[in-house]
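Asks: This is the structure, below, for whatever I ask next.
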Amino acid sequence: MKDYYQKNKLPEAVQPNCPIVQSLKGQKAIVTGASSGIGKEIAIAIGKAGADVIINYASSIKGAEEAVKEIEKCGGKAFPFKADVSNEEEVVAMFEEAKKQFGSLDILVNNAGLQKDAPFDEMTIEQWDRVINVNLRGQFLCSREAVKEFKNKGINPNISCAAGKIICVSSVHDVIPWAGHVNYAASKGGVSLLMKSVAQEVAPLRIRVNAIAPGAIRTPINHEAWATEEAYSDLMKLIPYKRIGEPEEIGRAAVWLASDDSDYITGTTLYVDGGMTLYPGFETGG
Ligand SMILES: NC(=O)c1ccc[n+]([C@@H]2O[C@H](COP(=O)([O-])OP(=O)(O)OC[C@H]3O[C@@H](n4cnc5c(N)ncnc54)[C@H](OP(=O)(O)O)[C@@H]3O)[C@@H](O)[C@H]2O)c1
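Mapped onto the working numbering, the consecutive letters of the sequence shown carry residue numbers 859 to 1144.
Here it is as structure tokens:
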């Protein structure tokens, strides 16, 4: 293995050298938590693929406006909308705004999420509730409004063969336990069965529900895990593919899962994690 590393410099992530295919042309989307990191790049990728996008944010209007500008540069329409995804009234208002701006909705990306870490026996009820409320209740509230709208709208085969698509941004911690982050892992484990149960219920309506489970992706949420050389090198012990992921890579996966190219896929989780879920401790034979 050492010889291999000496011979080959392992490349970082690259932008694929291919033309952007407008696989979402004419579609309308809401992306939650789209003012930063993964959500921002998902929104931009979906916009570049031809969809109009509501850019949801909680506090960072600047980040939301940057995403809007990127989409407008490619000829798409996008609007920022401030809403706390854990607040029912604000979520309902966001879906009403999408209807007002676009007339309908085809895609929801449930991305908004946060961490409030603490050793388990020191975790406060506020830390527990905030994480569960944003990461899990938020996905419930947004998915419920999306399903109502998809059902009401039905299928327009000129736009998509499905009545609607929901993508839940989960995490490798929907299967990997995470000491010191029990509220976060519990929320993502919850997202996994929320996603599958909704997928089962709405599949006969031709509504598809899937999840993307990112591994370590370079965003502000996990800054301390990659910002120094030492931290990065420690992180690599957990990643068989030996590099961190970039938010654009989640964006490309989301476009595919939202497009008709993945029409027969529902109720599944796509791990975009450089092999983090492959028991990296066994990499050298165990
Ligand atoms: N980065 C990773 O390695 C990684 C790995 C696995 C899973 N994930 C998941 O990916 C998602 C995005 O994470 P990220 O790394 O991109 O984090 P990030 O850069 O911190 O972005 C989080 C986004 O969520 C928004 N948000 C937070 N609370 C909200 C609320 N109550 N209502 C609406 N929006 C809210 C933030 O909005 P404001 O900035 O406007 O407040 C921001 O746009 C999360 O669900 C996270 O759990 C990330």
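Virtual Cβ for every residue (Gly too), placed ideally from N, Cα, C. If you're wondering where the values come from, they're calculated on a predicted model, not measured in any experiment.
Is residue 1099 near ligand 1, judged by its Cβ being under 7 Å from some heavy atom?
Replies: Mapped onto the sequence shown, residue 1099 falls at position 241. Not a single heavy atom of ligand 1 lies less than 7 Å from the C-beta of residue 1099.
Asks: Please determine, among 1074, 967, 908 and 871, the residue with the shortest C-alpha to C-alpha distance to residue 889.
Replies: Taking the sequence shown and counting its residues from 1, the one referred to as residue 889 is at position 31. Among 1074, 967, 908 and 871, the Cα nearest to that of residue 889 is on 967.
Asks: CB of residue 1092 to nearest heavy atom of ligand 1: below 7 Å?
Replies: Along the sequence shown, one-based indexing puts residue 1092 at 234. Relative to ligand 1, the beta carbon of residue 1092 is positioned no closer than 7 Å to any heavy atom.
Asks: Quick one: Cα of residue 971 to Cα of residue 989, how far?
Replies: Taking the first residue of the sequence shown as position 1, residue 971 is located at position 113. Taking the first residue of the sequence shown as position 1, residue 989 is located at position 131. Whole-angstrom Cα-Cα distance: 8 Å.
Asks: Go through its chain and collect everything with a Cβ distance to residue 1064's Cβ below 7 Å, but skip five positions before and after it.
Replies: Position 206 of the sequence shown holds residue 1064. Only 1013, 1020 and 1021 meet the Cβ criterion.
Asks: Can we count residue 1158 as close to ligand 1, meaning its CB is less than 7 Å from some heavy atom?
Replies: Past the edges of the chain, shown from 859 to 1144, lies residue 1158, and the structure says nothing about it.
Asks: Taking a contact to mean a Cβ-Cβ separation below 8 Å, would you say residue 1053 touches residue 1096 in this structure?
Replies: Indexing the sequence shown from 1 puts residue 1053 at position 195. Indexing the sequence shown from 1 puts residue 1096 at position 238. Taking 8 Å as the Cβ cut-off, residue 1053 and residue 1096 do not qualify as a contacting pair.
Asks: Near residue 891, which residues of its chain fall below 6 Å by C-beta distance, leaving aside the five closest residues on each side in sequence?
Replies: Your numbering for residue 891 matches position 33 in the sequence shown. Cβ within range, chain order: 897, 969 and 970.
Asks: Go ahead and pull the three-state DSSP assignment for residue 1042.
Replies: The residue you call residue 1042 lines up with position 184 of the sequence shown. In the structure shown, residue 1042 sits in a helix (DSSP, three-state: H, G or I).
Asks: Could you tell me whether any non-hydrogen atom of ligand 1 is closer than 7 Å to the CB of residue 963?
Replies: Within the sequence shown, numbered from 1, the residue matching residue 963 stands at position 105. False, no ligand heavy atom lies under 7 Å from that Cβ.
Asks: How about residue 890: is its Cβ closer than 7 Å to a heavy atom in ligand 1?
Replies: The residue you call residue 890 lines up with position 32 of the sequence shown. It does: the Cβ of residue 890 is within 7 Å (strictly closer) of some heavy atom of ligand 1.
Asks: Looking at residue 918 and residue 881, is the spacing between their C-beta atoms short of 8 Å?
Replies: On the sequence shown, position 23 is the one that residue 881 refers to. On the sequence shown, position 60 is the one that residue 918 refers to. Against a cut-off of 8 Å, the Cβ pair of residue 918 and residue 881 comes out as no contact.
Asks: In whole angstroms, give me the CA-to-CA distance for residue 1118 and residue 1042.
Replies: Locating residue 1118 in the sequence shown gives position 260, counting from the first residue. Locating residue 1042 in the sequence shown gives position 184, counting from the first residue. Taking the straight line from one Cα to the other gives about 32 Å.
Asks: Thinking residue 1068 and residue 1034 are a contact (beta carbons under 8 Å), I'd like their distance in whole angstroms, please.
Replies: Position 210 of the sequence shown holds residue 1068. Position 176 of the sequence shown holds residue 1034. Not a contact, Cβ separation roughly 19 Å.
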